[in-house]
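Everything on this sheet refers to the single structure shown next.
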Amino acid sequence: MIEALAGLLVALPLAGAALMPMVAVLRRRGTRWLAFGLHLLTFAAAAAVFARTAATGEAIAHRMGGWPGPFGIELRLDGLSALIALLVTGLSCFVASAPVDASRGATRRASPVREGLVRGALSMLVAGLVGIAATRDVFNLFVFLEISSLAVYTLVASGGGRATVAAFRYLIAGTAAGSLYLLGVGFLYGLTGTLNMDDLAARLPGVEADAALTAAVALIAAGLAIKAALFPLHGWLPDAYVFAPAPAAGFISAVMAKVSAYALLRLLGETLRGIPAGAMALETMVWLGTLGVLVGGGMALAQRDAPRMLAWSSVSAMGAILLAVGIGSPLALAGALFHVVAHALAKGCLFLGVGGLAETLGAGDRRALRGLGRRAPWTAAALTLAAFSMIGLPPTAGFSSKLLLLRASLAEGGPAGVAAFVALLASSGLAALYFLRVLEGIWFRPRPEGRPAQRLPRALAAPVLSLAVLVLLGGVFSAVVEREFVSGAVEAVAGATADER
Amino acid sequence: MTPYALAAALFTLGLGGMVLLPNLVRKLLAMNVMQVAVIVFFIALATKDGGRVPILEPGETEAIAADFMNPLPHTLMLTAIVVSVATTGLALGLLIRIWRQYGSLDERILLSRLRGSGDDATRHGAGDDATRHGAGEPPR
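Structure, rendered in C-alpha cells:
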C-alpha cells in the first residue's frame, strides 16, 4: 500500500499540472484552493513516506509498470530522497497558498489563462523535482530534470518584460546542461549496458578506467553542476531568481538548484564514487565550491538591488553545500543537508518578503526597504530572523548548519579542508556586512521622502512569517532536526558507500 | 566519417554556437544542433554490423539477441526528441514575446537593457518614480 505512495508523489502533481489550466478557465476562483489542496495532499504523501523510512530505515520502492530492478524504472525513496521530497512538497504549499500575482497588488487579478498556466507550471515543477529525488534510473533522471526545467522557465517568464529574456538565457544554459548530462549517460550506458543506479554502481568497478569513463563522469558532473549553479557555472542564476515574480521566486530560489545538488550527491557521491574519475570530480567540487562561497559573497556585497543581493548569496550558499558534498564524510553530508534545509527555509522567506516588497514598490533598490520596521514590524522581524540564519547567527537554523559545515571542513583537514573552513568563515563575515546594511535600513532609518509606503500583501506575509518561525524552530531544536531529519538521510548515503568499501 | 566523429563535431558546433552567437534565434538553432548530436551518439551506440531490426519475421519463433540491433537507445532518443521539441517550442514562444517587447533579438542589446537600472517601466507598468503608482497598491 505504502509503495504506491512513491508513485503517487510524482503522479499527483503531474496530474495537477494538466488539470490546473482547464480548471482555471472554467472556475478561476476555485483554482487557488484546488492547487493548495493538491500540494497539501502531495505533502501529506511525502510526510507519510518520510515517516515510514525514518521509522524502519528502509527505502520505499515503486516499480513503474511492474518491471523489476535493472530492466524497469524504479522509483525508490530512501531517507535522503524522502527528505528532499518532504522539503520540496512542503515549501510548495507555502507558495501555492498565495495568489499568482500577489505582489502586484490586490487591484490586479490574474486572467484565468495566466492563473492556470502559472499554477500548472508550479505543479509540474514539483512533479519534476520530486521525480529527480525518487528515481533510480539515470535516464529517467534526465527526463525529470527537463520536466522541472521547462516548468521553471515558464515560471520565470511569467514575470513578463525583462523576465522573458532572463528565462530564455536560463533555457539555453539549462538545455546545454541537460545535453551534457545526457551525453554522459550515453557514455555510461555504452560502457556498462545499464541505466539503473544500483546496477551501475555494481558494474562500474569492473569497467576499465579509460578515457570514455572519465568523459562520462566529467560530462555528468558538468551538466549537473550547471543546474546546481556551481561556480563558475552559476551565470544563469542571478537573473532568473531576480526577475521571477515573487511567489514563484520564493520557491525557485529555495529548492531549484538544491535538487540538482542532490542529484550530484546521488551520482558522484554514491554511484560513481568507486571509480578514480568520480573521486577526482568530488575533489574538484570542494575547490570550486570554496571559490563559489567567496565569489558569491563578494558579489552579493557589491549589489545595490536587494533581490540581486539575495540571488548572489544563493551562489555562495550553493558553493557551501557542494563543497560539503565534495568532502563527502558523514559529518560533511549532515552539514550539507542541514544547510539545504536551513537555506531553503530562510531564502524562501527572504525572496517572498523582499521580492514581494520590491515588486509592490516597483523598485528593487535596498533603500526602498528603509523604515519597514516601523511600518510592518512583524514582516521586518521575520526578514531579520531569516537574515540572521543566512549570516549564521544563533538561535537560527543557519547557525547550526554553518557550525556542522565548519566542523566537517576542519575534520577533513588538508589544504582543501582548511580553504573551505576559511571561506565559510569569510562568507559569514561577508553576509553579516551585506545583510546588516539592509537590516540597519529596515529598523533604524526613516522611510525616504516621497517613497510609497511598503506593505507586504497579506497572502505573502503569512508564508513569510511561518517560514521565519520554521527557521527559528530549526535553530532552537537543531538537535531534533539533526536526529530526526538529517541523520536518516546521511545513513542512506553512507550505508550505500560503506557497502562498496 | 564515423558516426561518433559526426556526433562530436555537431556537439562542439552546437555548444560553440550557443556560447558565441549573439542572435537568440541562432543560439536556439545551435542548441538544436547540439541535441541532435546527442541523438546521433545514442543511435550510433545501438548500431551493430549485420544487426537486424529487432522485429521477428512472420513464422520466426526463435531469436538470438546478438543478431539484433539494440532497440533501447532508440526508445530513449524518442523521449529525448520529445523533450527537445517541448524545449524548442517554449523557446520560440519566449522569442516571440521578446521580439514584441524589445524589437530586437540581439543578445548584446537585450543584455544592456536587462542590466540597465531604472528601466523597469515595462515590467510594472509604473516607473521607479515615486509619484506614479501604476501597478502597485495605492499608498495608505
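As they're listed, the protein sequences go chains A and B.
Following our numbering, the numbering of the first sequence begins with 4 at its first residue and continues without gaps.
Following our numbering, the numbering of the second sequence begins with 11 at its first residue and continues without gaps.
We treat Cβ as the ideally placed atom computed from N, Cα and C, and that holds for glycine.
Keep in mind the model is a prediction, meaning the values are calculated, not measured.
### Query
Can you find a CB in chain B that lies within less than 9 Å of the CB of A:ALA169?
With 9 Å as the cut-off, A:ALA169 counts as an interface residue toward chain B.
### Message
Using only the alpha-carbon positions, how far apart do A:PHE46 and A:LEU132 sit?
### Response
13 Å
### DSSP three-state assignment for B:GLU67, whether helix, strand or coil
coil
### Query
Can you give the beta carbon distance from A:LEU3 to A:ILE135, rounded, assuming they're within the 8 Å contact cut?
Nothing can be reported for residue 3 of chain A, as the shown portion of chain A is limited to 4 through 504.
### Message
Under 8 Å, with one C-beta from each stretch per pair, do the segment 329-338 of chain A and the segment 408-416 of chain A reach the 3-pair mark?
### Response
yes
### Task
Spatial neighbours of A:THR197 within its chain, please: CB distance less than 7 Å, with the 5 preceding and 5 following residues excluded, ordered by chain position.
PRO73, LEU203, ARG206
### Query
chain B beta carbons: is any one of them nearer than 9 Å to that of A:SER182?
yes
#### Entry: Test: B:THR57 CB closer than 9 Å to a CB of chain A
no
### Task
Using a Cβ-Cβ cut-off of 9 Å, state whether B:ARG107 counts as contacting chain A.
yes
### Own chain residues within Cβ distance below 7 Å of B:GLY173, not counting five before or after
Look at the range of chain B in this structure, 11 to 150, and you will see that residue 173 of chain B is not part of it.
### Query
When DSSP labels each residue in this structure, what does A:GLU211 get in the three-state scheme?
In the displayed model, A:GLU211 falls within coil according to three-state DSSP, outside both helix and strand.
### Task
Note down the Cα distance separating A:ARG79 from A:VAL188, rounded to an integer number of angstroms.
A:ARG79 and A:VAL188: Cα-Cα distance of roughly 20 Å.
### Message
Below 7 Å on C-beta distance, what does A:PHE142 contact in chain B?
### Response
LEU86
### Query
According to DSSP, is B:ASN80 helix, strand or coil?
coil
### Message
So B:LEU120 contacts chain A; which residues on that side make the cut at Cβ distance below 8 Å?
### Response
VAL168
### Message
Quick check on the burial criterion: 16 or more other C-beta atoms within 10 angstroms. Buried or exposed for A:TRP239?
### Response
Residue environment: A:TRP239 is assigned as buried (16 or more neighbouring CB atoms within 10 Å of its CB, all protein chains considered).
### Message
On the CB-based measure, 16 or more other CB atoms within 10 Å of its CB, does B:LYS58 come out buried or exposed?
### Response
Under this definition B:LYS58 is an exposed residue.
### Query
Within this structure, are the beta carbons of A:LEU86 and A:VAL344 separated by less than 9 Å?
Yes.
### Task
Anything in chain A within Cβ reach of B:THR205, meaning under 7 Å, just list it in chain order.
The structure shown has nothing for residue 205 of chain B, since chain B only spans 11 to 150.
### Task
To the nearest angstrom, report how far apart A:ALA322 and A:LEU463 are at their CA atoms.
Looking at the sequence shown, residue 322 of chain A is not Ala but Gly. Looking at the two C-alpha atoms, the distance is approximately 29 Å.
### Task
Using beta-carbon positions only, say whether A:PHE2 and B:ALA15 come within less than 9 Å of one another.
Here chain A comprises residues numbered 4 to 504, so residue 2 of chain A is not present and cannot be evaluated.
### From A:PRO24, A:THR138, A:VAL28, residue whose alpha carbon lies closest to that of A:TYR265
A:THR138
### Query
Near B:SER127, which residues of its chain fall below 6 Å by C-beta distance, leaving aside the five closest residues on each side in sequence?
Reliability fails at B:SER127, whose pLDDT of 47 lies under 50, so the model's placement of it is uncertain and the value that follows must be treated cautiously. Answer for B:SER127: no residue qualifies.
### C-alpha gap between A:ALA471 and A:PHE254, whole angstroms
C-alpha separation (whole angstroms): 15 Å.
### Task
Would you give the residue range spanned by the beta strand (DSSP E) that A:LEU236 belongs to?
A:LEU236 -> no beta strand (DSSP E), and no H or E assigned at all.
### Task
Look at the alpha carbon of B:ALA17 and the alpha carbon of B:VAL50, and state the distance between them as a whole number of angstroms.
6 Å
### Task
Taking a Cβ distance cut-off of 9 Å, strictly less, list which residues of the segment 13-36 of chain B are near chain A, in chain order.
ALA17, PHE21, GLY24, LEU25, MET28, VAL29, LEU34
#### Entry: Members of the segment 217-249 of chain A that neighbour chain B once the beta carbon cut-off is set at 9 Å
Residues ASP242, PHE246.
### Task
Could you tell me the distance, in whole angstroms, from the CA atom of A:GLY82 to the CA atom of A:THR92?
Straight-line Cα distance between these residues: approximately 15 Å.
### Task
Report the neighbours of B:LEU100 on chain A: residues whose CB is nearer than 8 Å to its CB, in chain order.
LEU153, TYR156, THR157, LEU174
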